[in-house]
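Undergrad:
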Amino acid sequence: MSQVKQITMLKGVVKVDNGYKQAIRIVNVTQRQNTYCDDQGVFAIAAQSGDLIVFSGANIHDYDYKVLDKFDASNFISIKMTSKATVLNEVVVTNDNVINEVSLGIVSKDQKKYTQAERRLQTTGDFKPLCYLVY
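Note that numbering that gives the first Met the number 0 numbers the sequence shown so that position 80 is 79, with each residue one more than the last.
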């Protein structure tokens with residue numbers, strides 16, 4: 000007599016060393032089902048004993064999890080994943096004055112440029128000596 004494996008929900012949490020848990024894809028390769036974990040890393044996917052579950056994400060090392068024969072739906076698993084480090088061969092820093100307030104459209108090209116004294120005078124406002132006369 001053959002034993003029929005029962006499909007139940009595998010529940011757990013994904014922990015990533017850099018703390019970024021969004022967009023981690025959980026794939027049950029055997030059942031051909033997939034899901035994503037939420038912002039806290041919690042997930043649930045249909046599985047049965049013997050299934051292969053693959054956890055993957057951008058800039059994270061993939062993790063393979065084999066569901067054991069003594070799989071119990073009441074168990075809550077915890078998966079620890081590590082982030083990938085991107086090694087740069089070269090970083091080039093240039094001093095191009097291409098990005099400025101005019102190229103970004105913040106000010107127009109033909110705007111008048113005020114001196115420091117003119118800016119201070121504009122800030123203080125109009126000086127009217129009649130305001131300071133006492134009657």
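Where a beta carbon is used, it is the ideal one built from N, C-alpha and C, also for glycine. Please read all numbers here as calculations on a predicted model, not as lab measurements.
Can you list, in chain order, the residues of its chain with a C-beta nearer than 7 angstroms to that of Val53? Leave out the 5 residues immediately preceding and following it.
TA: Residue 53 sits at position 54 when you count from the first residue of the sequence shown. Closer than 7 angstroms at the Cβ level, and outside the excluded window around Val53, lie Val26, Val28, Asp61 and Asp63.
Undergrad: Say whether the region 101-109 touches the region 69-84, bearing in mind that this needs 3 or more beta-carbon pairs closer than 8 angstroms, one atom from each stretch.
TA: Touching, no, given that fewer than three Cβ pairs across the two stretches are closer than 8 angstroms.
Undergrad: Any idea what DSSP makes of Gln5, helix, strand or coil?
TA: Within the sequence shown, numbered from 1, the residue matching residue 5 stands at position 6. Looking at Gln5 - three-state DSSP - the assignment turns out to be coil, as it is neither helix nor strand.
Undergrad: Round the Cβ separation of Asp55 and Arg24 to the nearest angstrom and send it over; I've been treating them as touching at under 8 angstroms.
TA: Counting from one through the sequence shown, the residue named residue 55 turns up at place 56. Counting from one through the sequence shown, the residue named residue 24 turns up at place 25. Going by the sequence as given, residue 55 is Ser instead of Asp. With 8 angstroms as the limit, Ser55 and Arg24 qualify as a contact, their Cβ atoms being about 5 angstroms apart.
Undergrad: Measure how close the beta-carbons of Gly49 and Asp37 come, nearest whole angstrom, since I'm counting them as under 8 angstroms.
TA: Counting from 1 along the sequence shown, the entry for residue 49 is found at position 50. Counting from 1 along the sequence shown, the entry for residue 37 is found at position 38. Actually they are not in contact, since the Cβ atoms of Gly49 and Asp37 sit about 27 angstroms apart, beyond 8 angstroms.
Undergrad: Taking the straight line between their C-alpha atoms, what separation do you get for Gln32 and Ala45?
TA: The residue given as residue 32 occupies position 33 in the sequence shown. The residue given as residue 45 occupies position 46 in the sequence shown. Their backbone Cα atoms lie some 8 angstroms apart in a straight line.
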